[in-house]
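Notes follow once the structure below has been shown.
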Amino acid sequence: MVTSILVFILVLSILVLVHEFGHFVAARRMGIWVREFGIGLPPRIFGKKIGETIYSVNWLPFGGFVRMHGEDSSEKIRPKEAFVSKSKGARLFVVTAGVLMNLLLGIFVFSITYFFTGLPRQTDRVKVVEVLPSSPASEIGLKSGDVIKKVDDTKITTSDEFVNYVDSKKGEKVNLVIEREENGNIRELELKVVPRKTPPSGEGPLGVIISTTEIYYPPYWQRPFYGIYYGVKEAVFWGKNIVSSLFMMIVGLFRGEVPKDISGPVGIFAITSEAAKLGFFSLLNFMGILSINLAILNIFPFPALDGGRLIFIGLEYILGKKVPEKFEAAVHMAGMVFLIILLLFITAYDIKRLILAGGISGFLNSFGR
């Protein structure tokens, strides 16, 4: 449990720190005085001033923060170095830089994962991935790695062909022609099996998991290019899914529906813990998903988020003048209070669900029910 907590803190800290580092670099680039760049959250352990910026390490080990001069109107500002005095374009760049860094981090970790773990490639070979215990497939000796060539006299080249044929033969004896590799030799076997009419929930008539996807390892010199290509594809895939889920959740809220699969820090901790158990690259892949998630949530047009700040910059473009700073600050404060209350509510709901589920595995299985 201690290890899981440390891994969770590390992953979360990297994501937030990278986000804040994006704001920091952009602010410095635009000539904004960054008063402090902190690792962790206050209270401060120690800090060192280099130039006019304090670089600090803080007690709460969750990410970091950037404190820019002129972010609020309560301090006496130096116009040339204040965030609020900069052009709309400069402020737009600084606000979006954190989101951009999270997107780039997501692409980077996906690319690294593909570089080391190989690339998925579709084939016309239906391979057995897993044989479920106490199933017809298990009883006839079907093994992981077997390739299904034919069912009766029907040649099989896709998963759908196999599933549809077996479904049509429930309760009837069928003949499987498989290809099996043993000790470097490939041989063909014929196995007879009767698909179940009423398989257990979550299982098919044969109790076998199949796939037509294989893992391809290109030459090392090609892997960076393939890795980046597949990393971008993975980021786009998850970006679309997250945006779609967010949209459906908002539509559901307007209909008075309470989203069942929403989760907060407790849920993220549970998934991080399980991903870590599967290995380093599973954890790295999940961190990429979280980074894309953080980018999209931050760009969402809600007060206190980066997207909320973009709304006010957009209004400035439309109106031709700034929205009063005190009004904007009040709106962001109200948004922050709402988000904190929402986070506490989700956390309490997650803790209740975790207790009722009897642990992390049961908690994760409760999603989608």
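Read in this note's numbering, the sequence shown has 1412 at position 242, and its numbers run on one by one without any break.
Glycine included, each C-beta is placed from N, C-alpha and C at the ideal position.
Would you mind stating whether residue i and residue j have Cβ atoms separated by less than 7 Å?
i	j	result
G1401	F1286	no
T1517	G1434	yes
K1367	V1347	no
I1483	R1261	yes
L1185	L1460	yes
S1381	V1299	yes
M1271	V1177	no
V1195	I1209	no
F1207	V1236	yes
V1317	S1308	no
S1443	I1530	yes
Between the options, which lies nearest to residue i when the distance is taken from Cα to Cα?
i	options	result
G1221	I1348, R1198, R1393	R1198
I1179	A1446, E1349, I1530, V1264	A1446
A1267	G1477, G1529, T1293	G1477
S1314	P1306, S1305, S1329, K1297	K1297
P1394	L1270, L1289, F1439, F1472	L1289
A1440	T1324, N1535, L1273	N1535
I1432	I1521, V1333, R1295	I1521
Can you say whether residue i is buried or exposed, counting buried as having 16 or more other CB atoms within 10 angstroms of its CB?
i	result
W1408	buried
F1417	exposed
L1540	In this structure the chain extends from 1171 to 1539, so residue 1540 is not present and cannot be described.
G1528	exposed
L1453	buried
E1551	Because the chain here runs from 1171 to 1539, residue 1551 falls outside it and cannot be looked at.
K1491	exposed
M1457	buried
Got a sec? Which residues, its chain only, sit under 6 Å from residue i by beta carbon, not counting five neighbours each side?
i	result
V1254	G1240
M1238	A1197, I1202, V1204, F1253
G1397	S1281, Y1284, F1285
L1464	L1185, N1272
R1295	V1317
Quick one: residues in its chain with C-beta nearer than 8 Å to the C-beta of residue i, no 5 flanking neighbours on either side, listed in chain order?
i	result
V1336	V1321, V1344, P1365, G1374, P1375, L1376
N1468	H1189, G1268, V1269, N1272, L1475, D1476, G1477
Can you name, in chain order, every residue of its own chain whose Cβ lies under 7 Å from the Cβ of residue i, other than the five neighbours on each side?
i	result
K1258	I1483, E1486, Y1487
- Message: Going residue by residue through the stretch 1256-1306, where are the continuous alpha helix (DSSP H) segments of at least 4 residues, counting only ones entirely within it?
- Response: Secondary structure remark: continuous alpha helix (DSSP H) runs of at least 4 residues inside the stretch 1256-1306, in chain order: 1258-1287.
- Unbroken stretches of the alpha helix (DSSP H), 4 residues or longer, contained in the stretch 1422-1480: Listed in chain order, the complete alpha helix (DSSP H) runs (minimum 4 residues) inside the stretch 1422-1480 are 1435-1448, 1450-1469.
- Query: Where are the beta strand (DSSP E) runs, 3 residues long or more, that stay fully inside the stretch 1335-1398, in chain order?
  - Reply: Listed in chain order, they are 1344-1352, 1355-1363, 1378-1386.
- Counting only runs of 3+ residues fully inside the stretch 1227-1256, write out the beta strand (DSSP E) ranges in chain order. Within the stretch 1227-1256, no complete beta strand (DSSP E) run reaches 3 residues.
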